[in-house]
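In this note's numbering, the protein residues as written are 5 to 243.
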């Protein structure tokens, strides 16, 4: 957002201790929002739609992503929508990313962060600081829990800090027809209960010895029942 006082360095808004009186006449407008849900509920589609709506009003946004399923620095939807984004790396300071844009004369009014569950807690803290001190609108999208039904560290911190929490309302169904909420990791036809938290794969059809994911209801997540073979691997794949 352009500073009200052109003589003031806009990066001062990110100082851990603002200068005396700096920004105190402004009412804070930035908000940190977290949109969450299971796989296939349309998180990336919603992220791209919000970016489109914001840009139509003349606002300038910065798209960030961490471990997109495509393996590229892209926010991609299973419906075929995609936009190039900046890949967030481990240890990257998101405040410095915004400072760099400002230093190059670019406006940044909002951030879109996809796959936000993979952020570190420190990076979530940085997003909160950007919302509070730089008055940026920050929209985060991601899973709440991993394949062990445990909160991702990034998601946990978002639940703790976000101004708004939005459970995405597009219902994802288990193979049995009940609402699916658990992101099961499947290897060689079996639900995997242990392993690395970060292992990027998709819900598309794969060969038996590769890893994929399948959304299950609580009952079938607990029992490891993946349903009829005709359903396995094809759940809600739109591409």
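Think of the CB as a built atom: it goes at the ideal place given N, C-alpha and C, for glycine as much as any other residue.
Cβ of residue i versus every heavy atom of the ligand COA: is any distance shorter than 8 Å?
i, result
"residue 98", "Summarising the ligand content, the structure contains no ligands, and the ligand COA is consequently not present."
Under three-state DSSP, which class holds residue i?
i, result
"residue 153", "coil"
"residue 93", "coil"
"residue 132", "helix"
"residue 126", "helix"
"residue 108", "coil"
"residue 141", "strand"
"residue 55", "helix"
"residue 194", "strand"
"residue 230", "coil"
"residue 147", "coil"
"residue 71", "coil"
"residue 1", "For the chain, the structure presents residues 5 to 243; residue 1 sits outside this window and is missing."
"residue 158", "helix"
Of all the options the options, which has the alpha carbon lying nearest to the alpha carbon of residue i?
i, options, result
"residue 35", "136, 230, 62", "136"
"residue 42", "159, 228, 232", "159"
"residue 122", "84, 92, 61", "92"
"residue 151", "200, 111, 142", "200"
"residue 58", "143, 232, 129, 223", "143"
So, for residue i: in the same chain, excluding its five sequence neighbours on each side, which residues have a beta-carbon less than 8 Å away from its beta-carbon?
i, result
"residue 155", "148, 149, 163"
"residue 221", "178, 180, 182, 183, 184, 185, 186"
"residue 90", "66, 67, 68, 69, 77, 101"
"residue 172", "39, 40, 41, 45, 46, 47, 50"
"residue 63", "113, 114"
"residue 194", "228"
"residue 125", "157, 158, 160, 161"
Whose C-beta lies closer than 7 Å to the C-beta of residue i among residues of the same chain, with five residues either side of it excluded?
i, result
"residue 166", "36, 37, 38"
"residue 81", "48, 49, 52"
So, under 8 Å CB-CB, residue i and residue j are touching, yes? Tell me the CB distance rounded to an integer number of Å.
i, j, result
"residue 116", "residue 44", "Not confirmed; about 19 Å, so no contact."
"residue 127", "residue 169", "With a Cβ gap of about 18 Å, residue 127 and residue 169 do not count as contacting."
"residue 153", "residue 225", "7 Å"
What does residue i pair with, by DSSP beta-bridge criteria?
i, result
"residue 218", "188"
"residue 87", "79"
"residue 170", "39"
"residue 65", "114"
"residue 177", "183"
Excluding the 5 residues preceding and the 5 following residue i in the sequence, name in chain order all residues of the same chain whose CB lies nearer than 6 Å to its CB.
i, result
"residue 118", "48, 51, 69, 79, 145"
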